[in-house]
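Participant:
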Amino acid sequence: MEQAAQVSAETIAPQRSQGYYNLLSYIVSNAIAGEIMAIENYSEMVQLMPTVAEKIETAHQAKEECKHILLLSKLGRKLDFAVQKRIVEPQWNNIRKHFSTAVGKGDLAACLIIQDLMTETMAIMLYRTLGKEVDTDSQTATTASSILVDELEHLGIGIARIQKLLEKDADMVHDALVWAHHRVMPELFSMISTSCHFLCDELNVDCGSLTLGDIRNDIESLRVEALEQYIDTLDKVGFDQTVTNALIASMASYREMDRHVLGLSRAGSPGAAVACCGPGSSKSDCS
Amino acid sequence: MQEQASGSVSPEVRFEPFQRGEGYMKLLSFVVSNARRGEIMAVDNYSEMVALMPDTESKIATVHQANEECKHILLLEKLAAHLGFEIDDSMVEPQWANVRAHFHEAAKKKNLAGCLIIQDLMVESLAIGLYKLFSSASNGDFETNRIAANLLKDELEHLDLGVHRIQALMAKDSEAVHDSLTWAHHRVMPNLFEMVYESCNFLCKTQDLDCDTVDKGSVAIDLNALKVASLEHYVDMLFQAKFDLDVTNQLIASMTSYEVPGRANLGLGDCLRDFLSAQSKPAAGNA
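Residue numbers (this note's numbering), protein chains in the order written: chain H, 1 to 287; chain Y, 288 to 574.
1. For H:Lys85, decide whether its Cβ has a neighbour in chain Y, counting only Cβ atoms nearer than 8 Å.
2. By the three-class DSSP mapping on this structure, what secondary structure does Y:Val379 have?
3. Compare the C-alpha of H:Glu290 against each of H:Ile124, H:Ala144, H:Glu187 and name the closest.
4. Which whole-angstrom value describes the C-beta separation of H:Pro106 and H:Val28, a residue pair presumed to lie in contact below a C-beta threshold of 8 Å?
5. Does DSSP put H:Val103 in a helix, in a strand, or in coil?
6. Out of Y:Phe480, Y:Gly449, Y:Ala414, which one is the CA nearest neighbour of Y:Phe530?
7. Please report the residue range of the alpha helix (DSSP H) in which Y:Gly427 lies.
8. H:Phe239 to Y:Leu456, Cα distance in whole Å?
9. Please go through the same chain and pick out, in chain order, the residues whose beta-carbon is closer than 7 Å to the beta-carbon of H:Val205, but skip the five residues on each side of it.
10. Of all Cβ atoms in chain Y, is any one closer than 8 Å to the Cβ of H:Cys111?
11. Given 8 Å as the limit, is there contact between the segment 89 to 108 of chain H and the segment 363 to 379 of chain Y, that is, 3 or more CB pairs closer than that?
12. Taking Cβ positions, are H:Glu64 and H:Val103 nearer each other than 8 Å?
13. Does H:Ser284 come out as helix, strand or coil in the three-state DSSP assignment?
14. Below 7 Å CB to CB, which residues in the same chain sit around Y:Lys403 once its five sequence neighbours on both sides are set aside?
15. Give me the Cα-Cα distance between Y:Ser323 and Y:Asn437, rounded to the nearest whole angstrom.
16. Give a yes or no on whether the minimum CB-CB distance between H:Lys97 and chain Y is below 8 Å.
17. Which stretch, first to last residue, makes up the alpha helix (DSSP H) that contains H:Cys207?
18. Output needed in chain order: residues of the segment 340 to 352 of chain Y with a Cβ under 8 Å from some Cβ in chain H.
19. Between which two residues does the alpha helix (DSSP H) harbouring H:Glu219 extend?
20. Using 8 Å as the cut-off, can you tell me whether the segment 153 to 173 of chain H makes contact with the segment 235 to 252 of chain H, which would need three or more C-beta pairs spanning the two stretches below that distance?
21. How big is the Cα-Cα spacing for Y:Thr349 and Y:Glu356?
22. Using alpha carbons as the reference points, say which of Y:Trp383, Y:Ser544, Y:Glu430, Y:Asp342 lies closest to Y:Glu326.
23. Within the 8 Å Cβ cut-off, does Y:Asn478 reach chain H?
24. Of the choices H:Met118, H:Thr129, H:Lys78, whose alpha-carbon is the least far from that of H:Asn41?
25. Considering only residues of the same chain and omitting the five flanking positions on each side of Y:Asp407, which have a CB-CB separation below 8 Å?
26. Taking the alpha helix (DSSP H) that H:Met172 falls in, what are its first and last residues?
27. Could you tell me the boundaries of the alpha helix (DSSP H) in which Y:Gln537 lies?
28. Among Y:Tyr333, Y:Val319, Y:Met409, Y:Arg433, which has the Cα closest to the Cα of Y:Glu380?
29. Ordered along the chain, which non-local residues of its own chain (more than five positions away) have a Cβ less than 8 Å from that of H:Gln91?
30. Listed from N- to C-terminal order along the chain, which residues in the segment 42 to 68 of chain H have their beta-carbon within a distance smaller than 7 Å of any beta-carbon of chain Y?
31. Helix, strand or coil: how does DSSP classify H:Tyr20 here?
32. Tell me whether Y:Ala528 sits in a helix, a strand or coil according to DSSP, three-state version.
33. Beta carbons nearer than 7 Å to chain H: which residues of the segment 354 to 387 of chain Y have them?
34. Report yes or no: is there a C-beta of chain Y within less than 8 Å of the C-beta of H:Ala82?
35. Assuming H:Asn30 and H:Leu199 form a contact by the criterion Cβ under 8 Å, report the distance between their Cβ atoms to the nearest whole angstrom.
36. Do you know whose CA, among H:Tyr20, H:Leu203, H:Met49, H:Ala249, lies nearest H:Leu165's CA?
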């Protein structure tokens, strides 16, 4: 059942514009892709866990991510929008590849940083955004809020685990952070966008028409929020600030990241809809 | 196949209070410590297999299997705590590590058939043999019997799922699956059988316990019976999965070499010859 789940006859969607449902279709499909990646990441990490209790806890985290996929798919059915239940956008596969590299090296710290900290931080930002009923709708908000509880818990577990590793070998953990940051954060931030590589085609959605205005939001605000969430996570773990400051500064080089997002200049005008970056599009179309 | 735990004891049946001697507790400690180790390996194996699964539904099913194995670990630990014996890692046989290493090798080669054959078919066959023995009507130890029956139900489901998955793979590429079977058989089965075969010697060496003379009260726990039972389940599984008989017959015949000269003869060779002659009739019919 890998086709985009088609709408059922019995739907209870509130009256919103088609643009709103297209946007939800796009966001929820991308969220499902992130959850699929999370299932694989947590599952692959089990073998690195040093104790039986931690193996069980990690297998349980994978199970929770499975539950999220089912909840998001159900939301699509209820609200009558299509969802894709497989990874489409290449960034997820890239992150997954980096994670697998870390597993191959037996680098538990890097695995935890990629999945429990970086990916969960972005998930928290996403589900917080969708969880605002005033901007979305009651069913989307309920589903997102329910998932958010789990993701916050996963972040908490990740922070505790990394802190334990920091106590044992701070240098090694900071090396893992630097490596993971440079590999993964550009991929994650590039997904804070309404542009895509292939997803809109798969969903039969007009990519150019997607606008975050439909959920009373804009790209730049989301990027600021994601950055703040990421900084907050790094601070909560208690990483060395000389290391984290350099990492945050390095994010100014991301194509998607305007200087003002990093607080280096005043904010500009809110982002408008961005053209779809299909396979035939040029790179400049995607910024 | 939803085989019920044959001979399992229903909660309504009345039992005489069961007296467990020191030797019997040591024997239980040995068996449960090893069963738990097998379950821990299963958590690692199923979790590592998730990434190889071809679609989201089968990934979710595999995460679910890993979580069931987690539940088994907790049940076994609870049994030990309830009856008052130790889970003792010094009693864990070394072959578990070899089986896990071979699985990991298959996973690294992205050999899904090899992974399924090792975990879903071979290891589950051994687990079924063990839990059937402990859940049989002849086992008067009610608590042990009940837990074993509980675990048996899940393991039978896992075997069933594995058989279906292997059959689906065989429909696509029978030759590759049979190559995986041959590889996995020669790598894993000697380890699994050595473990079962050596169990009494291992106990004798490490715990100064003769499992033949230990006072088991009214319990009919015969580790020798487990040797034959595990073999039966393995052979039965090979036929159930509908592997090519030309291949499986060779594999079964090769197992007579596991009963090395000088070791107490359990009639394994006779048993295998019986299997082969019994199966030769349907084989002729199929041809």
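Every residue gets a Cβ at the ideal spot worked out from N, C-alpha and C, and that includes glycine.
Facilitator: Put simply:
1. Taking 8 Å as the CB threshold, H:Lys85 lines the interface with chain Y.
2. The answer is coil: DSSP assigns Y:Val379 none of H, G, I, E or B.
3. Summary: the structure shown does not reach residue 290 of chain H, with chain H confined to residues 1 through 287, and so no result is reported for it.
4. It should be noted that the sequence gives Gly, not Pro, for residue 106 of chain H. Between H:Val28 and H:Gly106 the Cβ distance is about 35 Å, and since that is not below 8 Å, they are no contact.
5. DSSP places H:Val103 in helix when its eight states are reduced to three.
6. If we check each option's Cα against that of Y:Phe530, Y:Gly449 comes out closest.
7. No alpha helix (DSSP H) contains Y:Gly427, which DSSP labels as neither H nor E.
8. Each residue's alpha carbon lies about 47 Å from the other.
9. So the list reads Asn22, Ser25, Tyr26, once near-sequence residues are dropped.
10. With 8 Å as the cut-off, H:Cys111 does not count as an interface residue toward chain Y.
11. Two segments are said to touch when three or more pairs of C-beta atoms, one from each, lie closer than 8 Å; by this definition the segment 89 to 108 of chain H does not touch the segment 363 to 379 of chain Y.
12. No.
13. Residue placement at H:Ser284 is poorly supported in this model, since its pLDDT is 40, which falls under 50; the coordinates still yield a value, given next. If DSSP states are grouped into helix, strand and coil, H:Ser284 belongs with the helices.
14. Reading off the sequence, residue 403 of chain Y comes out as Leu, not Lys. Within the same chain, Gly449, Arg452, Ile453 come within 7 Å of Y:Leu403 by CB-CB distance, once the 5 residues on both sides are set aside.
15. For clarity, residue 323 of chain Y is Arg in the given sequence; the question names Ser instead. In a straight line, the C-alpha of Y:Arg323 is about 14 Å away from that of Y:Asn437.
16. H:Lys97 does not count as touching chain Y.
17. Judged by DSSP secondary structure, H:Cys207 falls outside any alpha helix (DSSP H); it is assigned neither H nor E.
18. Of all residues in the segment 340 to 352 of chain Y, Asp342, Thr343, Glu344, Lys346, Ile347, Thr349, Val350, His351 have a Cβ within less than 8 Å of some Cβ in chain H.
19. The residue asked about is misnamed: residue 219 of chain H is Ile in this sequence, not Glu. Residues 219 to 237.
20. The segment 153 to 173 of chain H, when compared against the segment 235 to 252 of chain H, does touch it at the 8 Å Cβ threshold.
21. Distance between the alpha carbons of Y:Thr349 and Y:Glu356 is about 11 Å.
22. Residue nearest to Y:Glu326 within the set Y:Trp383, Y:Ser544, Y:Glu430, Y:Asp342 is Y:Trp383 (criterion: CA-CA distance).
23. Not closer than 8 Å to any Cβ of chain H, the Cβ of Y:Asn478 fails to qualify, so no.
24. When the alpha-carbon of H:Asn41 is set against those of H:Met118, H:Thr129, H:Lys78, the nearest one is in H:Met118.
25. Taken in chain order, the residues that qualify are His445, Leu446, Leu448, Gly449, Val450, Arg452, Ile453.
26. Counted as a single uninterrupted DSSP element, the alpha helix (DSSP H) harbouring H:Met172 occupies residues 170 to 190.
27. Residues 532 to 541.
28. Comparing C-alpha distances from Y:Glu380 to each of Y:Tyr333, Y:Val319, Y:Met409, Y:Arg433 shows the shortest one belongs to Y:Val319.
29. Answer for H:Gln91: Glu187, Leu188, Ser190, Met191, listed in chain order.
30. Answer in chain order: Ser43, Glu44, Val46, Gln47, Val52, Lys55, Ile56, Ala59, His60, Ala62, Lys63, Cys66.
31. Three-state DSSP puts H:Tyr20 in a helix.
32. DSSP places Y:Ala528 in coil when its eight states are reduced to three.
33. Going along the segment 354 to 387 of chain Y in chain order, one finds Asn354, Cys357, Ile360 with a Cβ nearer than 7 Å to chain H.
34. For H:Ala82, the answer is no, since every Cβ of chain Y falls outside 8 Å of its Cβ.
35. Rounded, the Cβ-Cβ distance is 7 Å, consistent with contact.
36. The closest CA to that of H:Leu165, considering only H:Tyr20, H:Leu203, H:Met49, H:Ala249, is found on H:Met49.
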